[in-house]
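In our numbering, the protein residues as written are 3 to 277. Just so it is clear, CB atoms sit at the ideal spot from N, CA and C, and this is done for glycine as well. Predicted model, so just to flag it, every value in this text is computed and none were measured. Heads up, the thing below is written out as structure tokens.
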Amino acid sequence: MLRRILREPLGAFGLTLVVIVVLSALFADVLASYPPTKLAPAERFAPASLQHLLGTDHLGRDLFSRVLHGGRIALAIALGATGLSLIGGIVLGLIAGYGPRWLDNLMLLLFDAIKSFPTVMLALTLVTLTGPSLLAVLIVVVLVNVPGYARIIRTQTLVLKSAEHVMAARSMGASTARILTVHILPNVIGPILILASMDIPVVVAIEAGLSFLGLGVRPPLPSWGSILNDGFVNIRDSYWIVVAGGLPIILTTLGFTFLGETLRDVFDPRLKRRE
């Protein structure tokens, strides 16, 4: 599969970007020359140099260090929230698709109710109750993503519950748990994993957007969204802060999007032929 990804130019480019982002986040402490929260008022608004590769912000903090550590937070939230959303969506989707009709209708109503709330409104409500934090961002992202995954799993479960191999297992006395985990789940997990890989940049953008609005990561913790906000506030004094905050969001989005598109084509070439 790796060879097939690398044979696609966009797939190879996306995989390269993803590897760079992940490695820079993992080794942020080694690559950064300064702590991300270290203040140096005498060096505020310093342009890019050998000492500060991306310059400094309005408090003299090294932007290169803040971008690297901000990537660690962004990926932690993206991977954690996507993983929890997957688990929740798979469980709820299997229950809705295989359960009785009344339970299916009730869960569909719940999914539609959650999806009807804009992400920002959910964030505002949660932040009002708990205050800005990483946990609040995680909860908001999970609530937003679970209904979409659950609907996809539910639809495929409805199709598979009438398949011959499932009916044969049921006639032989297999339990509901065994039917769901052995006969249905392996056949529905592939497409949802590809979708999850394509949703990671969406989660990164949501985290950055909430932090930009002051609803996400609390200062002095670094976040790409808060760096971008600092850049807009001080754009007349230093344009490089906006670049430092926006460029990693763009590169991460492109990397995971191209990689997800290539994975989709590798697992289901029919989609590529239709395009």
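Original post:
So which of N107, N147, P224, R103 has the shortest CA-CA distance to L124?
Top reply: N147
Original post:
With burial defined as no fewer than 16 other Cβ atoms inside 10 Å of the residue's Cβ, what is the status of L230: buried or exposed?
Top reply: buried
**OP:** Assign W242 to buried or exposed, taking buried as 16 or more other Cβ atoms, counted over all protein chains shown, within 10 Å of its Cβ.
**Re:** buried
Original post:
Looking only at its own chain, which residues have a Cβ that is under 6 Å from the Cβ of H60, when we skip the five neighbours before and after it?
Top reply: R46, N236
Original post:
If you pair each beta-carbon of the segment 149-165 with each one of the segment 99-109, do three or more pairs fall below 8 Å?
Top reply: yes
Original post:
Taking the C-alpha atoms as reference points, what is the distance between G262 and T130?
Top reply: 35 Å
Subject >> D114, DSSP secondary structure in three states >> reply: helix
Subject >> Rounded C-alpha distance that separates D64 from A246 >> reply: 11 Å
**OP:** Please confirm whether G257 and V23 have their CB atoms less than 9 Å apart.
**Re:** yes
Original post:
Taking DSSP as the reference, what is the three-state secondary structure of D64?
Top reply: strand
Subject >> Best match in P134, A76, N189, F119 for proximity to S225 [C-alpha to C-alpha] >> reply: A76
Original post:
How close, in whole Å, do the beta carbons of R194 and I155 come, if the pair is a contact with beta carbons under 8 Å?
Top reply: Reading the sequence as shown, one finds Ile at residue 194 and not Arg. The pair is a contact, with the Cβ atoms about 6 Å apart (cut-off 8 Å).
Original post:
Are the C-beta of G82 and some C-beta of chain C separated by less than 9 Å?
Top reply: In summary, chain C is missing from the structure at hand, where a single protein chain is found.
Original post:
Between V205 and S199, what straight-line distance do the alpha-carbon atoms span, to the nearest angstrom?
Top reply: 10 Å
**OP:** Hey, could you find the ends of the alpha helix (DSSP H) L195 is sitting in?
**Re:** 187-214
Subject >> Segment limits, alpha helix (DSSP H) that includes G227 >> reply: 226-235
Original post:
Counting only runs that start and end within the segment 29-103, where is the alpha helix (DSSP H) found for 4 or more residues in a row?
Top reply: 30-33, 65-100
Original post:
When DSSP labels each residue in this structure, what does A170 get in the three-state scheme?
Top reply: helix
Original post:
Nearest to A80 by alpha carbon, out of T254, R172, L265, L110?
Top reply: T254
**OP:** Assign H71 to buried or exposed, taking buried as 16 or more other Cβ atoms, counted over all protein chains shown, within 10 Å of its Cβ.
**Re:** buried
**OP:** Please report the residue range of the alpha helix (DSSP H) in which P222 lies.
**Re:** From DSSP, P222 is part of no alpha helix (DSSP H); its letter is neither H nor E.
Subject >> Three-state secondary structure (DSSP) of S177 >> reply: coil
**OP:** Could you name the residues of the same chain whose beta carbon sits closer than 6 Å to that of A42, not counting the 5 residues immediately before and after it, in chain order?
**Re:** G62
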